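Quick note, this note's numbering runs 249 ahead of the 1-based positions in the sequence shown. Worksheet: one structure, shown below.
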Amino acid sequence: MSRLWYEKKERSQPVNHKYNLIATKEDVNAKQATTVKAELESESFRPNLSDPSELLLPDQIEKLTKHLPPRTIGYPWTLVYGTGKHGTSLKTLYRTMLGLDTPVLMVIKDSDGQVFGALASEPFKVSDCFYGTGETFVFTFSPDFEIFKWTGDNMFFIKGDMDSLAFGGGGGEFALWLDGDLYHGRSHSCKTFGNHTLSKKEDFCIQDIEIWAFE
250 MSRLWYEKKE RSQPVNHKYN LIATKEDVNA KQATTVKAEL ESESFRPNLS
300 DPSELLLPDQ IEKLTKHLPP RTIGYPWTLV YGTGKHGTSL KTLYRTMLGL
350 DTPVLMVIKD SDGQVFGALA SEPFKVSDCF YGTGETFVFT FSPDFEIFKW
400 TGDNMFFIKG DMDSLAFGGG GGEFALWLDG DLYHGRSHSC KTFGNHTLSK
450 KEDFCIQDIE IWAFE
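Right, here's the structure in full:
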């Protein structure tokens, strides 16, 4: 009697190896599809660069690209200014901006090896007052990637003269300030972007600068 019950129980619980195999293949295919999708998404955020960047790593470029204004997407990055090529002069920097009609990305590396900078909604120029729009933002990779966009508190985006170039304002401090020799810089928290200090120290020495246009 017990043997008959055991045989019936065994027959009532068949094991379908075929279904298990199909499920396994589906899992593999799903993982492969996810991997391909991630790779495609990564590729879509890798712009073409006119020159290799000496300051940004590929993954840093991808992170920045995701936050650029929509009107820059699809355009190659063109290196319009670099201290290695053009020297350290704010006057020269302004000269390289002439004729541009595109936002520009400034990337700074300081003597501590920290990388940070700003996206300006328009090319840098000498101005008696602040200019720019809410597309402007500041960012840092020191120590981790952070981006600080317009808070709406004021419109102190960009201001430049022959002696300095500054981003943000409010409370008497700039988010980022560079001197006319592009050697000394300073970073503080400010109301425009609600940022903390972008560099490791408030006062820093500039090692290199790259400025990229989108055209």
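All residues carry an ideal CB built from backbone N, CA and C; glycine is no exception. Keep in mind the model is a prediction, meaning the values are calculated, not measured.
Asked: Can you give me the start and stop residues for the alpha helix (DSSP H) that residue 334 sits inside?; Found: 332-335
Asked: Counting along the chain, where does the alpha helix (DSSP H) carrying residue 341 start and finish?; Found: 339-346
Asked: Mind checking residue 411: buried by the 16 CB within 10 Å criterion, or exposed?; Found: exposed
Asked: Taking three-plus beta-carbon pairs below 8 Å as touching, is the segment 428-441 in contact with the segment 395-412?; Found: yes
Asked: Just curious, the beta strand (DSSP E) that residue 398 is in, first and last residue?; Found: 395-398
Asked: Looking at the unbroken alpha helix (DSSP H) that takes in residue 311, where does it start and where does it end?; Found: 307-314
Asked: Measuring straight from C-alpha to C-alpha, what distance separates residue 409 and residue 417?; Found: 12 Å
Asked: How many whole angstroms separate the CB atoms of residue 451 and residue 435, which I take to be in contact at a CB cut-off of 8 Å?; Found: 6 Å
Asked: Go through its chain and collect everything with a Cβ distance to residue 422's Cβ below 6 Å, but skip five positions before and after it.; Found: 437, 439
Asked: Which same chain residues end up closer than 7 Å to residue 396 when comparing Cβ atoms and leaving out the 5 residues on each side of it in sequence?; Found: 316, 386, 388
Asked: Per DSSP, residue 322 is paired with what?; Found: Per DSSP, none; premise fails for residue 322.
Asked: Rank 445, 382, 343 by C-alpha distance to the C-alpha of residue 374 and give the top, closest one.; Found: 343
Asked: Is the Cβ-Cβ distance between residue 300 and residue 328 less than 7 Å?; Found: yes
Asked: By DSSP, does residue 502 sit in helix, in strand, or in coil?; Found: Residue 502 falls outside the range modelled here, since the chain spans only 250 to 464, and no answer is possible.
Asked: Where does the unbroken beta strand (DSSP E) through residue 300 begin, and where does it stop?; Found: No beta strand (DSSP E) holds residue 300; DSSP gives it neither H nor E.
Asked: Quick one: Cα of residue 399 to Cα of residue 383, how far?; Found: 6 Å
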